[in-house]
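Asker: In this note's numbering, the protein residues as written are 9 to 221. Here's a structure for you.
Take a look at the structure:
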């Protein structure tokens, strides 16, 4: 499958134009290892090492669509991984938006930092953010790309009013949970069944990378 065929497949599955456009511009092949190059446009996850994956394109597109991103949003991403998801978010929220993307695996964080060096609105942090990043809160949108057993209250506290939090929740197979915050109350919706790697908890070294330039 080539990139054009992948985009058409995503369109046929209900992904909207604005998501397809940014996926056409931000190439998945730039965020994977050479060993996976033959599968870059296949609609399934690929290993990026360290027990982590770059997610299935449909899953990425569906989550970005459900996140309801807007120009100028401030976004917290838990699990930078390859950096592809952060790059896609950057293309949607524009230069006035900001992404704080946390990755607990140092090697992945460093690789993502290099791949994202030309994205001025992304800050990659090598840290344990399993309870969010309070220092940059509040966020308009929070997205977890790895699965906790439950959503920590700290994430809810760090979400701005009218903000949206999206997370796969569960130990084995996960439910994708969408929380919308309105006047300190939360509207919860289930958005389907997915399979994600677990959210890694650890001490983290709390080393903040500088804004990418």
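Glycine included, C-beta positions come from ideal geometry on N, C-alpha and C. Just so it is clear, the structure is predicted and the values come from calculations on it, not from any experiment.
Return yes when the Cβ of residue 65 is within less than 9 Å of the Cβ of residue 14, no when it is not.
Answerer: Walking along the chain shown from the start, residue 14 turns up at place 6. Walking along the chain shown from the start, residue 65 turns up at place 57. Contact flag set, yes.
Asker: Measure the beta-carbon distance from residue 137 to residue 110 and round it to whole angstroms, keeping in mind my assumption that it falls under 8 Å.
Answerer: Translated into the one-based positions of the chain shown, residue 137 becomes position 129. Translated into the one-based positions of the chain shown, residue 110 becomes position 102. The Cβ separation is near 3 Å, so the contact holds.
Asker: What would DSSP say about residue 197, mapped onto helix, strand or coil?
Answerer: The residue you call residue 197 lines up with position 189 of the chain shown. If DSSP states are grouped into helix, strand and coil, residue 197 belongs with the strands.
Asker: What's the C-alpha gap between residue 127 and residue 83?
Answerer: In the chain shown, counting from the first residue as 1, residue 127 sits at position 119. In the chain shown, counting from the first residue as 1, residue 83 sits at position 75. Cα to Cα, the separation comes out at about 14 Å.
Asker: Would you say residue 148 and residue 165 are within 9 Å of each other, going by their C-beta atoms?
Answerer: Walking along the chain shown from the start, residue 148 turns up at place 140. Walking along the chain shown from the start, residue 165 turns up at place 157. Not closer than 9 Å, so no.
Asker: Could you give the DSSP three-state label for residue 13: helix, strand or coil?
Answerer: Reading the chain shown from its first residue, position 5 is the one you call residue 13. Here residue 13 sits in helix by DSSP.
Asker: Roughly how many angstroms lie between the CA atoms of residue 9 and residue 193, to the nearest whole one?
Answerer: One-based indexing of the chain shown puts residue 9 at position 1. One-based indexing of the chain shown puts residue 193 at position 185. If you take the alpha carbons of residue 9 and residue 193, they lie about 44 Å apart.
Asker: What separation, rounded to the nearest whole angstrom, lies between the Cα atoms of residue 202 and residue 143?
Answerer: In the chain shown, the residue the question calls residue 202 occupies position 194. In the chain shown, the residue the question calls residue 143 occupies position 135. Each residue's Cα considered, the two are about 30 Å apart.
Asker: Could you give the distance in angstroms between the alpha-carbon of residue 71 and the alpha-carbon of residue 174?
Answerer: Translated into the one-based positions of the chain shown, residue 71 becomes position 63. Translated into the one-based positions of the chain shown, residue 174 becomes position 166. Computed Cα separation, rounded: 7 Å.
Asker: Buried or exposed: residue 215, going by 16 or more other Cβ atoms within 10 Å of its Cβ?
Answerer: On the chain shown, position 207 is the one that residue 215 refers to. Caution is warranted here: a pLDDT of 33 is assigned to residue 215, below 50, making its placement in the model unreliable, and the coordinate value is therefore given only provisionally. Classification for residue 215: exposed.
Asker: Quick one: complete alpha helix (DSSP H) runs, 4+ long, within the stretch 38 to 101?
Answerer: Within the stretch 38 to 101, the complete alpha helix (DSSP H) runs of at least 4 residues are 65 to 75 and 92 to 101.
Asker: Out of 206, 180 and 176, which one is the CA nearest neighbour of residue 199?
Answerer: Along the chain shown, one-based indexing puts residue 199 at 191. Selected option, being the one with the closest Cα: 176.
Asker: Leaving out five residues before and five after residue 145 in sequence, what residues of the same chain have Cβ atoms less than 6 Å from its Cβ?
Answerer: The residue given as residue 145 occupies position 137 in the chain shown. Correct list, in chain order: 166.
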